[in-house]
Structures are given as structure tokens and as C-alpha cells.
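Step one of this worksheet: look at the structure below.
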Amino acid sequence: MEFSESLSNESTTPETKQLSNMLFQHVSQGVFILDHQFRIQNINPYFEKISGFSKEELVGTRFMSRDRNYKATVVNAAKNVTRTLETDGVFEGEFFTERKNGEEYPAWLHINSVHDDQNRITHYIGIIGDLTERRKSEQRLSYLANYDTLTDLPNRTYFKEHLHQFILQCLEKKSPFGLILLNLDRFRLLNNLLGAKGADQLLKQVAGRLARLKIRTRVIAYLGSDDFGIVFDTSDSNPEQLREAAQTLQQLFDTSFNINGQEVTVTVSISIANFPENGQQLDTLFYSAENALKDAKKQGGNTIIFAGTQKQIIPHDRIFLENALRKAVSLSQFEVYYQAKIQPQDKKIVGFEALVRWNHPEKGLVSPVEFISLAEEIGVIGQLGEFVLDQACAQIKAWADAGLGHLTVAVNVSAQQLQRGNFLATLDRVLDKHQIAPMSLELEITESLLMVEREKVRHLLQEIRNRNVTIALDDFGTGYSSLSYLGLYPIDVIKIDRSFVIQMVDSPEQQAIILAMIAMSHALSMKVVAEGVETIEQARYLRDQGCDVLQGYLVSKPIPANQATQLLSNRTVQLDL
Ligand code: C2E
Ligand code: MG
Ligand code: MG
């Protein structure tokens with residue numbers, strides 16, 4: 000029977016009949032026609048497809064009734080639909096039904112009644128859509144929004160939401176509970192050792208061990224990077240129980256991991272925050288735990304620390320600081336200081352490092368250590384960085400105009416600054432504005448930049464190099480860099496971190512490391528700058544080992560531009576080297 004016949008509406012023309020038949024045959028929705036007693040009169044091919052029944056099997060049977068062995072739940076749901084149709088003449092809504100093979104599936108159902116001249120119901124026309132795929136993608140979206148796909152653990156968003164809800168519950172009942180944060184020690188080093196894939200493998204295995212933890216927890220989540228968070232039930236949350244739980248967590252790492260045949264030993268830092276003592280709100284509680292974790296790391300890792308036993312950053316202060324910093328950036332409340340670098344053979348000043356200071360109206364000069372990472376977090380590092388670059392280039396120009404050329408001024412650029420926004424456009428704009436020789440500008444990058452999106456970063460650095468701007472790797476040795484892959488990047492200068500220089504004089508091991516760094520850099524045609532040189536012994540030792548440039552308080556502290564110009568007037572510094 001044709002679709003149009005099953006409705007036998009005489010007013011339709013042959014063309015519209017033909018069109019409606021076409022539609023009936025080919026539409027990707029199940030279409031069906033019921034008589035006034037809900038017996039199926041006709042179904043289209045798509046209905047056959049989603050229901051699994053053929054037209055012959057269904058025609059004449061009641062809509063989703065026992066006639067075709069539908070489950071009781073489906074039959075009852077269908078009864079609801081027919082009841083609604085009897086009273087309202089129309090049904091629209093979600094409907095859980097079943098295919099011929101017994102598989103249940105969610106469907107969208109829309110049924111309308113068709114009336115004759117006397118307004119009696121003669122038929123019902125229904126449309127049914129299979130919602131299985133949509134449900135799957137919704138579930139997948141919700142999985143993606145709440146779970147981390149690498150570790151299969153709940154993610155940070157889920158964790159914080161859960162923690163928030165739990166706090167609300169516990170506030171009411173005044174019940175205490177514990178929050179534990181766990182961080183893998185020396186993860187960057189491990190990352191370098193294992194490569195990105197190996198590090199992922201490690202995180203997966205760590206997650207696996209945590210998930211098998213034999214302690215009652217409310218939620219164990221992967222918070223990103225190498226951080227994990229655990230919320231404990233109130234019944235297991237007195238300080239002694241939490242300490243034991245933390246120790247059990249630590250013991251999970253007693254056995255080493257096997258990453259692609261390589262045995263890897265991992266230790267962890269753990270912080271414990273108690274609700275409500277360490278915070279009655281999500282932010283305060285979480286910050287307490289984060290701060291304690293930072294302290295655990297400072298103590299060298301492999302440590303458990305209770306929050307509240309150290310100095311706390313109050314989020315209120317942080318919000319205050321954030322606002323102040325935003326304002327400072329918009330008002331350019333910063334000043335660039337310059338620290339001289341000398342060549343040890345002739346004590347000649349070869350350049351400066353530009354170091355930014357925040358000229359805080361009340362606090363005075365604030366060190367970049369206190370605000371650079373905040374500037375990154377709140378997204379103003381680009382603006383701040385451009386300010387410093389602009390100032391430094393203006394200074395290069397001023398010195399060149401004063402006949403003090405052949406200087407290199409180094410500007411620190413953070414990884415985020417390079418990765419976000421269009422750094423190259425900024426660089427071009429500033430170089431063009433001040434008309435300086437690009438050779439006199441050096442950019443100091445940090446190892447963390449080399450860790451991510453390697454191809455992209457290499458390309459970016461190559462573009463910088465193509466402009467004849469020098470690239471220096473700052474704080475070398477503190478990150479994860481392996482000497483072997485430094486050669487892959489267009490790096491001209493290596494800056495040995497101050498921590499090596501400090502320990503150098505009385506530690507043969509540190510001396511060996513410094514020697515190796517110098518030899519390696521020279522082998523890769525890179526220059527070596529030693530940072531934080533404070534004593535004449537350090538300076539002599541470094542000079543004797545072939546270090547190219549010295550920087551540190553011994554030569555000069557970072558000073559304002561006018562003082563740097565004064566220092567430059569002699570070209571060399573007075574030192575008994
Ligand atoms: P950095 O680039 O490693 O800069 C060297 C830091 O060591 C400077 O600290 C400098 O004042 C200090 N220093 C230099 N010589 C000595 C010494 O002999 N002894 C000691 N104890 N310290 C010495 P500062 O100026 O506080 O800067 C800290 C860090 O902030 C810098 O480390 C750099 O990473 C970052 N920074 C500074 N200015 C900027 C900037 O404009 N942009 C970005 N992204 N980061 C910046
Ligand atoms: Mg630097
Ligand atoms: Mg440095």
C-alpha cells in the first residue's frame with residue numbers, strides 16, 4: 000500500500016501523492032501510520048531499519064504491544080502514549096523502546112491524529128527517530144567534560160565540582176574531611192628521560208595504582224600535569240587516619256614502574272588539608288593544600304606535609320594582587336633594570352640583561368619572581384612582555400646612538416608569551432619601531448618551552464634566528480633538558496643557572512657538571528654565560544674553564560638604565576680577576 004493510500008485523502012493531486020510517497024520511502028526518520036485503534040497500517044523502510052521488524056511482521060499489530068513480544072516496560076510506555084493520544088490527539092516526547100533483537104534504544108516520538116469531516120479520528124501518523132547516536136555523543140561529551148581520557152580518572156573540573164558539593168554537604172552537618180594532593184617528584188626529568196609517550200604511560204600506570212587503592216575515598220582525580228587529588232570520606236578523616244592514608248599512598252610508589260622495558264623509580268610529594276580547619280570554601284581549602292604541596296616540593300620531595308603548618312597565601316590577597324597587577328600593566332607601572340655581563344679575559348662589558356621591576360605605588364619595587372607567573376596566569380604576560388621588549392630596544396637604540404654599540408641586551412620571554420598571541424609580529428613591530436640591529440637583541444627562553452609542541456617551537460625559534468636575533472637558554476640545568484637534544488634547536492647561548500655556580504667552588508661534582516656544560520656548549524658552537532657569579536673565586540674558576548661571559552652581583556647588581564649608562568662609560572669594570 001502506498002503511503003497516500005493509507006491515508007486516502009481525496010483532495011491530494013497525483014503530484015503531491017507521488018511526492019509524499021517519495022518522502023515516505025526515503026526520509027531518514029521512521030514513519031508509521033496507525034488506524035484509530037492504534038493498529039499499524041503502514042511503516043516506511045526507515046522504520047523497518049531502526050525497529051528491525053519487517054513491514055509484514057508489523058502491519059495489523061497494535062502499536063508496540065505484546066503482539067510482537069515487546070518487553071513489559073515498552074508495552075507500558077506505549078500504553079501511556081496511546082492514552083495521551085486519546086485525550087490530547089497528539090504525543091511528543093522521548094520514548095524507550097526495543098528493537099526486534101531485544102536491544103533497547105531511546106527514541107524521539109511524535110504522533111498526530113488525523114480526523115475526518117465529522118472530526119472523528121481516523122488515523123494517527125507517527126514519526127520516530129533513533130536517539131542512540133545522539134545519546135552516545137552526549138555521553139561522550141559528558142565523559143570528555145568530566146574525565147581525563149589518558150588516565151581514565153575524573154578530571155580537575157569534575158574534582159573541583161565534586162569537592163564543592165561535598166563541602167556544602169559537610170558544612171551543613173559540620174563533618175570534617177580530608178583533601179590530599181599528590182605530585183610526582185622530578186616529573187620534568189622523567190618526562191625528558193621517557194619522552195612524551197613514556198611519560199603518558201607513566202601517568203597512566205600511576206593512575207592505575209591510585210585507582211586500585213585499598214582505602215575508602217570519595218573521588219580520586221587527575222588534575223593535569225603530574226598532579227592528582229583525592230577526597231576522603233568524613234568517617235576516615237581524622238588527622239591520624241589521613242597521615243596513614245598518605246603513607247599508604249607513598250607506599251604505592253615503593254615498587255618501580257616499568258615503562259617500555261625501562262625500570263623507573265618515582266617518589267611523590269603529598270599535602271593534606273583538613274576541612275574545615277584549613278578552609279571552609281573550595282578555594283581556600285584547595286589553596287591550603289596547594290601551598291603545602293609547594294612546601295613539600297621545596298623540601299626536596301618525597302614528603303608528606305599537613306596544610307596550615309606553613310605560611311598561607313590567602314586567596315583574598317591574591318585577588319587583590321591580580322587586580323593590582325592588571326592595573327599596573329594597563330598603566331605601565333614597570334621599570335626595566337639592567338644587569339651587566341662581562342667577558343672575563345678583559346673585563347669588558349659585552350651586554351646587559353633586562354630585568355623588569357614592578358614599581359608598586361605602596362610596596363615599592365616588586366621582584367619579577369613575585370608577579371611573572373601571576374601575569375602568565377591572568378593572561379597579561381603578552382602586554383607586559385611587549386613593554387619590556389619595547390623599553391629594552393629603546394635602550395639599545397639610545398646606547399648605539401651614543402656610540403656604545405656592540406652591546407647585546409637580553410630580554411626574558413616566558414614560554415606562554417612565545418606560544419600565545421603572535422610573538423613574531425610583536426618582535427617585528429618593535430625592531431622596526433626602534434630601527435636597531437637585530438644582532439644586538441637577545442631573547443632568553445627557558446627549558447620549559449622546549450618541552451611542548453617541539454616542531455612548532457623549533458619553527459618559532461628558527462623564525463627568530465632568521466631575523467638575526469640571538470637566542471639564549473636561561474637557567475640551564477634546572478629543567479629537564481638533555482644535552483643531546485639541545486642541538487636540535489637554534490640556540491646560540493647557554494646560561495648556566497646560578498645554583499650550579501653557588502655550589503661549584505667546593506664541590507668536585509658540580510665542577511664536573513659545569514665543565515661538561517661548557518664543553519658541550521662549545522661543541523655545539525654555543526656561547527656560555529654563567530649566572531649569579533658573586534665571588535672572585537667563582538669568576539676566576541669559570542674564566543679558567545673557558546666560560547665566555549660572566550653575570551652576577553660581583554660585576555653589578557641589576558641597576559636602572561641611567562646607572563647602567565654610567566657603568567658603560569668606562570667600557571670595562573674594575574675587578575681583580
Ligand atoms: P633570570 O632571567 O634567571 O634572571 C636572573 C636573576 O638572578 C635576576 O633576578 C637577577 O637579579 C638575579 N641575579 C643576578 N645576579 C645575581 C647574583 O649574583 N646573586 C643572586 N643572588 N642573584 C642574582 P630577578 O631580577 O629577580 O629576576 C628573576 C626572574 O624573573 C628572572 O630570572 C627571569 O626569569 C624573570 N624575569 C625578569 N624579568 C622578566 C621579564 O621581563 N619577562 C619575563 N618573562 N621574565 C622576567
Ligand atoms: Mg634571564
Ligand atoms: Mg637565569
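If you're matching positions, the sequence shown starts at 0 in numbering that gives the first Met the number 0 and goes up one per residue.
Think of the CB as a built atom: it goes at the ideal place given N, C-alpha and C, for glycine as much as any other residue.
Keep in mind it's a predicted model, so treat the numbers as computed, not measured.
Report yes or no: do three or more beta-carbon pairs, one from the region 171-187 and one from the region 255-272, lie closer than 8 Å? Cβ pair count under 8 Å is three or more, so yes.
Are three or more beta carbon pairs between the region 108-121 and the region 80-93 nearer than 8 Å? When C-beta atoms of the region 108-121 are compared with those of the region 80-93, three or more pairs fall below 8 Å, so the two segments count as touching.
Candidates 39, 261, 192: closest to residue 66 by CA position: Nearest C-alpha to residue 66: 39.
Can you round the beta-carbon distance between residue 166 and residue 280 to whole angstroms, since I take them to be within the 8 Å contact cut? The Cβ separation is near 7 Å, so the contact holds.
Beta-carbon contacts of residue 324 that lie in its chain and below 8 Å, excluding the five residues immediately before and after: Excluding residues up to 5 positions away in sequence, 357, 370, 373, 374, 377, 379 lie with their Cβ nearer than 8 Å to the Cβ of residue 324 in the same chain.
Check for me: the beta strand (DSSP E) holding residue 105 runs from which residue to which? For residue 105, the enclosing beta strand (DSSP E) covers residues 103-114.
Using DSSP with H/G/I as helix, E/B as strand and the rest coil, what is residue 157? Helix, per DSSP.
If you scan the region 29-77 from start to end, which runs of the alpha helix (DSSP H) of 4 or more residues do you find wholly inside it? Scanning the region 29-77 for uninterrupted alpha helix (DSSP H) segments of 4 residues or longer gives 44-50, 54-57, listed from N- to C-terminal end.
Taking three-plus beta-carbon pairs below 8 Å as touching, is the region 359-366 in contact with the region 399-413? Not touching, per the Cβ criterion.
Measuring CA to CA, which of 206, 388, 113, 563 is closest to residue 425? Of the listed residues, the one whose Cα sits closest to residue 425 is 388.
Apply the 10 Å Cβ neighbour rule to residue 448 and answer buried if 16 or more other Cβ atoms are within range, or exposed otherwise. Result: buried.
Determine contact between the region 236-253 and the region 298-306, defined as no fewer than three beta-carbon pairs at a distance below 8 Å. A contact exists between the region 236-253 and the region 298-306.
Measuring CA to CA, which of 46, 149, 142 is closest to residue 129? Nearest of 46, 149, 142 to residue 129, Cα basis: 46.
Under 8 Å between C-beta atoms of residue 471 and residue 445: It is not a contact, given that the beta carbons lie outside the stated cut-off.
Within the present structure, is the beta-carbon of residue 368 separated from the nearest heavy atom of ligand 1 by less than 7 Å? It does: the Cβ of residue 368 is within 7 Å (strictly closer) of some heavy atom of ligand 1.
Continuous beta strand (DSSP E) stretch holding residue 217: start and end: 216-223 is the extent of the beta strand (DSSP E) around residue 217.
According to DSSP, residue 146 sits in a beta bridge with which residue or residues? Bridge partners of residue 146: 153.
Under a Cβ-count criterion, where at least 16 other Cβ atoms within 10 Å of its own Cβ denotes burial, should residue 231 be classed as buried or exposed? With 16 or more Cβ atoms within 10 Å of its Cβ, residue 231 is classed as buried.
Compute the minimum distance between the beta carbon of residue 552 and the heavy atoms of ligand 1, and state whether it is under 7 Å. Flag set: Cβ of residue 552 near ligand 1.
What does residue 605 pair with, by DSSP beta-bridge criteria? Here the chain has residues from 0 to 576 only, and residue 605 is not among them.
Measure the alpha-carbon distance for residue 170 versus residue 153 and round it to whole angstroms. Spanning the two alpha carbons is a distance of roughly 24 Å.
Rounded straight-line distance, which links the Cα of residue 331 to that of residue 195: C-alpha separation (whole angstroms): 39 Å.
How far does the beta strand (DSSP E) with residue 268 in it reach, from first residue to last? It spans 267-274 - the beta strand (DSSP E) in which residue 268 sits, taken as one unbroken run.
Closer than 8 Å is the cut-off here; do at least three beta carbon pairs connect the region 422-442 with the region 387-403? With a cut-off of 8 Å, the region 387-403 and the region 422-442 count as touching, because enough Cβ pairs lie within range.
Once DSSP output is grouped into helix, strand and coil, what is the label at residue 347? Three-state DSSP puts residue 347 in a strand.
Under the three-state reduction of DSSP, which class applies to residue 257: helix, strand or coil? The answer is strand: DSSP assigns residue 257 an E or B state.
Less than 8 Å separating the beta-carbons of residue 272 and residue 288? For the pair residue 272 and residue 288, the CB atoms are nearer than the 8 Å cut-off.
Assuming residue 572 contacts residue 348 (C-beta within less than 8 Å), just tell me the rounded distance between them. That belief holds up - the Cβ atoms of residue 572 and residue 348 are roughly 7 Å apart, short of 8 Å.
Please report the straight-line C-alpha distance between residue 475 and residue 495, rounded to a whole angstrom. Each residue's alpha carbon lies about 5 Å from the other.
Under the criterion of a Cβ to heavy atom distance below 7 Å, does residue 491 qualify as lining ligand 3? When distances are taken from the beta-carbon of residue 491 to the heavy atoms of ligand 3, even the shortest one reaches 7 Å or more.
For residue 197, which of helix, strand or coil comes out of DSSP? Three-state result, residue 197: helix.
List in chain order: all unbroken beta strand (DSSP E) runs of 3+ residues lying wholly within the region 279-315. Here the runs fully enclosed are 303-305.
Cα-Cα separation, residue 565 to residue 508: When rounded, the distance between both Cα atoms is 39 Å.
Any heavy atom of ligand 2 closer than 7 Å to the CB of residue 352? Because some heavy atom of ligand 2 lies under 7 Å away, the Cβ of residue 352 counts as near it: yes.
Exposure of residue 312, with buried meaning 16 or more beta-carbon neighbours within 10 Å: Unreliable positioning characterises residue 312 in this predicted model, as indicated by a pLDDT of 40, which lies under 50. The coordinate reading is nonetheless provided below. Label assigned to residue 312: exposed.
Provide the residue span of the alpha helix (DSSP H) that contains residue 454, from first to last. Looking at the DSSP string, the run of the alpha helix (DSSP H) that includes residue 454 is 453-465.
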